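S.K.: My questions all concern the structure below.
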Amino acid sequence: MVHSYNLRNTPPISGVFLHRTSILGNPEFEFISLDSTTKSAPFKSLIFVNDPVGIKILQSCNGLLCCSGSFRTNSKTYYIYNPNTKQYTLLPKACSVPGSNRGFICSVSLAFNPLKSPDYKVVCMHNIGSDDEDHQISIYSSNTSSRRFVGGTFTASGLIYLSGIYWNGALHFRTSEDCCLCFDVEKELFRTMPLPPIPVGREERRVDYLGASRDHLYLIQRVDYGNQLYILEMETETIMPQP
48 MVHSYNLRNT PPISGVFLHR TSILGNPEFE FISLDSTTKS APFKSLIFVN DPVGIKILQS
108 CNGLLCCSGS FRTNSKTYYI YNPNTKQYTL LPKACSVPGS NRGFICSVSL AFNPLKSPDY
168 KVVCMHNIGS DDEDHQISIY SSNTSSRRFV GGTFTASGLI YLSGIYWNGA LHFRTSEDCC
228 LCFDVEKELF RTMPLPPIPV GREERRVDYL GASRDHLYLI QRVDYGNQLY ILEMETETIM
288 PQP
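Position in the sequence shown (first residue = 1) + 47 = this note's numbering.
This is how it looks when you write it as structure tokens:
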């Protein structure tokens with residue numbers, strides 16, 4: 048999403064991008080304007096750098112885009128792109144996880160709040176275990192232009208390898224369990240946030256979407272494989288400490 052900011056009001060949403068399926072070449076994007084001031088799309092495809100397989104958007108966060116290039120997991124190139132200024136930053140290649148001879152980046156997430164700071168952080172989750180449950184975090188800071196590993200290894204079962212949603216100072220990651228895994232970017236600590244209970248009389252849920260907009264966290268789910276969508280809005284977190 049593309050946002051405009053002022054210091055007094057909640058940022059309005061200018062529009063949303065829709066990704067067109069593309070097998071070869073640069074992916075193309077449709078732009079849907081949501082206000083009267085934004086008439087044209089900032090771009091139709093990302094060509095700020097010549098990448099042989101094209102640039103795709105992994106995540107948007109308050110006006111900045113987290114993007115990636117190559118399809119190959121171990122050699123992906125990551126960028127932070129500002130569609131308003133047309134400037135981008137090439138993120139440094141990930142170094143080896145300390146004490147591990149294997150591992151790959153399974154999730155890249157952008158944390159940016161321009162009302163608090165012009166700087167941003169990029170949180171990378173590294174899978175380092177043979178059973179896909181052992182992970183470690185590295186953080187790139189735009190303030191220092193460097194990446195560092197934080198904390199030790201941690202176990203996360205059922206983690207879905209998508210970019211986290213930045214809301215309320217933390218990145219929220221979907222899992223296959225009845226909770227989200229949350230990473231406090233400033234404190235560099237994990238916690239869990241339970242999902243709302245399944246509606247009475249229903250047995251199973253499927254989370255189709257988790258996202259943030261206008262200072263609220265949203266979850267869209269279906270239950271018992273039906274077509275009815277439940278749209279849930281959260282204003283404050285219910286927090287459970289991560290063991």
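All C-beta atoms in this analysis are idealised placements derived from N, C-alpha and C, irrespective of residue type, glycine included.
The structure presented is a predicted model; accordingly, all values stated were derived computationally and were not measured.
1. I need the boundaries of the beta strand (DSSP E) containing tyrosine 135, first residue and last residue.
2. Kindly list the residues whose CB is nearer than 6 angstroms to the CB of leucine 93, restricted to its own chain and excluding five residues on each side of it in sequence; keep chain order.
3. Does DSSP put glycine 198 in a helix, a strand or coil?
4. Please say whether alanine 141 and arginine 67 have beta carbons closer to each other than 8 angstroms?
5. Three-state secondary structure (DSSP) at leucine 279?
6. Between the region 262-269 and the region 184-199, are three or more C-beta pairs nearer than 8 angstroms?
7. Is the Cβ-Cβ distance between valine 14 and serine 210 less than 8 angstroms?
8. Evaluate isoleucine 184 with the Cβ neighbour count: other Cβ atoms within 10 Å of its Cβ, from every protein chain shown; 16 or more gives buried, anything less gives exposed.
9. Can you list, in chain order, the stretches of the beta strand (DSSP E) that have 3 or more residues and sit fully within the region 180-233?
10. How far does the beta strand (DSSP E) with serine 260 in it extend, from its first residue to its last?
11. Just the C-alpha distance for leucine 65 and cysteine 171, rounded to the nearest angstrom, thanks.
12. Restricting to Cα atoms, I'd like to know which of Gln275, Ser204, Val232, Thr132 is closest to tyrosine 187.
13. Report the option in Glu235, Pro165, Pro74, Leu81 whose CA atom is closest to the CA atom of phenylalanine 18.
14. Confirm, please, whether the CB-CB distance from leucine 157 to leucine 206 is below 8 angstroms.
M.R.: According to the structure data:
1. Walking along the sequence shown from the start, residue 135 turns up at place 88. Here the beta strand (DSSP E) through tyrosine 135 covers 134-137.
2. Working through the sequence shown from its first residue, we reach residue 93 at position 46. Within the same chain, leucine 93 has close Cβ partners Ile102.
3. Along the sequence shown, one-based indexing puts residue 198 at 151. Correct three-state label for glycine 198: strand.
4. The count along the sequence shown starts at 1 and reaches residue 67 at position 20. The count along the sequence shown starts at 1 and reaches residue 141 at position 94. No. Outside cutoff.
5. Against the sequence shown, residue 279 aligns to sequence position 232. Residue state, collapsed to three classes: strand.
6. no
7. What is shown of the chain runs 48 to 290, which leaves residue 14 out entirely.
8. Residue 184 sits at position 137 when you count from the first residue of the sequence shown. Buried is the call here.
9. 181-188, 193-202, 212-214, 217-220, 226-231
10. Locating residue 260 in the sequence shown gives position 213, counting from the first residue. It spans 252-260 - the beta strand (DSSP E) in which serine 260 sits, taken as one unbroken run.
11. Here residue 65 refers to the residue found at position 18 when the sequence shown is read from its first residue. Here residue 171 refers to the residue found at position 124 when the sequence shown is read from its first residue. Looking at the two C-alpha atoms, the distance is approximately 24 angstroms.
12. The sequence position of residue 187 within the sequence shown is 140, counting from 1. Nearest C-alpha to tyrosine 187: Val232.
13. Only positions 48 to 290 of the chain appear in this structure, which leaves residue 18 out of reach.
14. In the sequence shown, residue 206 corresponds to position 159, counting from 1. In the sequence shown, residue 157 corresponds to position 110, counting from 1. No, they are not a contact pair.
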